[in-house]
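Asks: Please find one structure pasted underneath; my questions will follow.
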Amino acid sequence: MTTLSDMAVEVLTTADGRAKTALSRRHAATWFAARAAGEVIPLGNASPPLRPARPDKPALLDPRDVPRRRPGSPQGRIALLHAVAHIELNAVDLHWDIIARFSDVKMPAGFYDDWVKAADEESKHFNLISDCLEALGSHYGALPAHAGMWRAAEDTIDDFMGRLAVVPMVLEARGLDVTPGMIEIFEKAGETQAVDAMQVIYAEEVAHVAYGSKWFHFLCGRHDLDPKEVFHSLVRRYFHGPLKPPFNEEKRAEAGLPPDFYWPLADHPDANR
Ligand SMILES: [Fe+2]
Ligand SMILES: [Fe+2]
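Residue numbers (UniProt numbering): 1 to 273.
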């Protein structure tokens, strides 16, 4: 029988973006159909690859070598959408990777519900943004993209709590901070398809951060650890550099991230307030 970790490995080893997201969505539907029938697909223990398969294009460059374009220009907006598509594709893989990577840690079925649902939503996000790019005469792969997106995964390859601290609670939380500004850029340009796509992403990403916070706190409780102290030490160990204000305090609160989690990690005069 195909296990959940087999499904994860299948997604991770599929290179093409649209093929990856189609498979991801199909596996998510299979998981939730089983859950609705009162069954749980076994987790199994298939090993994920060190790095997910990637298409030949986009070329992956050091962030310093990725050309910057003015967001006010049509080309700048295409570049911004392309960067978001790249983030979403990595997010699909990050969600399946955590499922298969830490299969030795016994977790309640609800943990997998959350991660499979988020993987499904990341797949939808990649498709929505790819649709926007194609409507503007471009496509995912047409521009270079940042290498190093997988660094957080490699750094936390054997630290489950470190992975939760850095990926959903730092990187995805950062998405909540920056998405309203991106929505504004597309609103000003009258690009309604991109506005609609970004609004779906913005609404759904709150839950992804919340899943991270929920299961991070769960593991802290299991090991009788102070969540805030452990969060600070894991982020300092695995995340390179300070967190960048301004923070979206309202959405972070909605996602179960209180200010005393992130402000002490920020590089800012208010950092110790
Ligand atoms: Fe997303
Ligand atoms: Fe997400």
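Ideal Cβ placement from N, Cα and C applies to all residues, glycine included.
It should be emphasised that the depicted structure is a prediction, and the values quoted were computed from it without experimental measurement.
Taking DSSP as the reference, what is the three-state secondary structure of residue 15?
Replies: Coil at residue 15, not helix or strand.
Asks: Going by DSSP, which residues form a beta bridge with residue 266?
Replies: In the DSSP output, where bridge partners are listed per residue, residue 266 has 243.
Asks: Below 6 Å, is the gap between the Cβ of residue 91 and the nearest heavy atom of ligand 2?
Replies: Within the cutoff, so yes.
Asks: From residue 31 to residue 72, what does the alpha carbon distance come to, in whole angstroms?
Replies: Distance between the alpha carbons of residue 31 and residue 72 is about 42 Å.
Asks: Can you tell me which of 58, 62, 181, 157 puts its alpha carbon nearest to the alpha carbon of residue 147?
Replies: Comparing Cα-Cα distances from residue 147 to each of 58, 62, 181, 157, the minimum goes to 62.
Asks: Report yes if the C-beta of residue 229 is less than 6 Å from at least one heavy atom of ligand 2; otherwise report no.
Replies: No.
Asks: Any heavy atom of ligand 1 closer than 6 Å to the Cβ of residue 95?
Replies: Residue 95: no, Cβ never under 6 Å from ligand 1.
Asks: Count the other CB atoms, across all protein chains shown, that sit within 10 Å of the CB of residue 191; report buried if there are 16 or more and exposed otherwise.
Replies: Residue 191 should be labelled buried.
Asks: What three-state label does DSSP hand residue 80 in the structure shown?
Replies: Of the three classes helix, strand and coil, the one that applies to residue 80 here is helix, per DSSP.
Asks: Would you list the one or two residues that DSSP bridges to residue 286?
Replies: With the chain covering only 1 through 273, there is no way to say anything about residue 286.
Asks: For residue 86 and residue 145, which I take to be in contact (beta-carbon distance under 8 Å), what is that distance rounded to the nearest angstrom?
Replies: Going by Cβ atoms, the distance from residue 86 to residue 145 rounds to 4 Å, so yes, they are a contact pair.
Asks: Between which two residues does the alpha helix (DSSP H) carrying residue 139 extend?
Replies: That residue, residue 139, is in no alpha helix (DSSP H); it is neither H nor E in DSSP.
Asks: Identify the continuous alpha helix (DSSP H) that holds residue 161 and give its terminal residues.
Replies: Residues 160-166.
Asks: Are there any heavy atoms of ligand 2 lying less than 6 Å away from the beta-carbon of residue 27, as far as the coordinates show?
Replies: Incorrect: residue 27 has no Cβ contact closer than 6 Å to ligand 2.
Asks: Between residue 208 and ligand 2, is the CB less than 6 Å from at least one heavy atom?
Replies: Flag set: Cβ of residue 208 near ligand 2.
Asks: Pull up the distance between the alpha-carbon of residue 50 and that of residue 154, whole angstroms please.
Replies: So the two alpha carbons sit approximately 7 Å from each other.
Asks: Taking buried to mean at least 16 other C-beta atoms within 10 Å of its own C-beta, is residue 1 buried or exposed?
Replies: Exposed, by the Cβ-count rule.
Asks: Enumerate in chain order the residues of its own chain whose CB-to-CB distance from residue 271 is below 7 Å, with the five nearest sequence positions on each side excluded.
Replies: Note on residue 271: pLDDT 48, under 50, position unreliable in the model; the coordinate value appears next. Contacts found: 263, 264.
Asks: Which residue's Cα is closest to the Cα of residue 90: 111, 124, 105, 252?
Replies: Closest option to residue 90, Cα to Cα, is 124.
Asks: Give me the DSSP bridge partner(s) of residue 146.
Replies: Residue 146 pairs with 61.
Asks: Within 10 angstroms of the Cβ of residue 47, are there 16 or more other Cβ atoms? Answer buried if so, exposed if not.
Replies: Under this definition residue 47 is an exposed residue.
Asks: Per DSSP, what kind of secondary structure is residue 274 in: helix, strand or coil?
Replies: For residue 274 there is no data in the structure shown, the boundaries of the chain being 1 and 273.
Asks: Less than 7 Å between the C-beta atoms of residue 20 and residue 141, yes or no?
Replies: It is not a contact, given that the beta carbons lie outside the stated cut-off.
Asks: Between the beta-carbon of residue 242 and the beta-carbon of residue 266, is there less than 7 Å?
Replies: Yes.
Asks: For residue 127, count neighbouring C-beta atoms within 10 Å of its own C-beta (all shown protein chains included) and say buried if the count is 16 or more, exposed if not.
Replies: Buried: at least 16 other Cβ atoms inside 10 Å.
Asks: Just checking residue 125 against ligand 1 - is the residue's beta carbon closer than 6 Å to any of the ligand's heavy atoms?
Replies: Yes, the Cβ of residue 125 comes within 6 Å of a heavy atom of ligand 1.
Asks: Under a three-way DSSP split, which group does residue 181 fall into?
Replies: Residue 181: helix per DSSP, three-state reduction.
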